[in-house]
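S.K.: First the structure, then my questions, so here it is.
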Amino acid sequence: MAWAMGTWRIDMTRSEKLVEQSLASGYPKEVCTDELLGQLRVNISADGDVVVSKTEFPGMPAKETRYKFGEQFEMDTAKGKVKV
């Protein structure tokens, strides 16, 4: 799993329908542009056996999700909490 650790950015030249997906996920229309979505950063790290995913998006508070592989967890989305 070490291959997934680090900070990731979206390559807008290879992302299809990201604006539509972001709008459907409940993100405000003002931030759903190729330029702004291209600034999205996701940092993936580990805290013992817990995976920590921190998403940073311009104009919105950073969101952190912690989970263990194989276990259900709740995630906050723009439309509310979702069980994953």
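In the working numbering, the protein residues as written are 509 to 592.
Here a beta-carbon is modelled for each residue, glycine too, at the ideal position from N, C-alpha and C.
The structure presented is a predicted model; accordingly, all values stated were derived computationally and were not measured.
(1) At 3 residues or longer, what runs of the beta strand (DSSP E) sit wholly inside the segment 515-569?
(2) Decide yes or no for the touch test of the segment 537-550 against the segment 571-584: beta carbon pairs closer than 8 Å, at least 3 of them.
(3) Quick check on S553: buried or exposed, where buried means 16 or more other Cβ atoms within 10 Å of its Cβ?
(4) State the Cα-Cα distance for the pair D519 and E564, rounded to the nearest angstrom.
(5) Run through the DSSP bridge pairs and tell me what E572 is partnered with.
(6) Per DSSP, what are the beta-bridge partners of M583 in this structure?
(7) CB-CB under 8 Å to F581, same chain, minus the five flanking residues each way: which ones, in chain order?
(8) Please report how far the alpha carbon of T593 lies from the alpha carbon of K562, in whole angstroms.
M.R.: Here's the rundown:
(1) 549-555 and 558-564
(2) no
(3) Here residue 553 is taken as the residue at index 45 of the sequence shown, counted from 1. Counting Cβ neighbours within 10 Å, S553 comes out exposed, since fewer than 16 surround it.
(4) On the sequence shown, position 11 is the one that residue 519 refers to. On the sequence shown, position 56 is the one that residue 564 refers to. Going from the Cα of D519 to the Cα of E564 covers about 15 Å.
(5) Residue numbering aside, residue 572 sits at position 64 when the sequence shown is read from its first letter. E572 pairs with K562.
(6) Translated into the one-based positions of the sequence shown, residue 583 becomes position 75. According to DSSP, which records beta bridges pairwise, M583 is partnered with V590.
(7) Taking the first residue of the sequence shown as 1, we reach residue 581 at position 73. Excluding sequence neighbours, F581 sits near T573, R574, Y575, K591 and V592.
(8) With the chain represented from 509 up to 592, any question about residue 593 goes unanswered, as that position is not in the structure.
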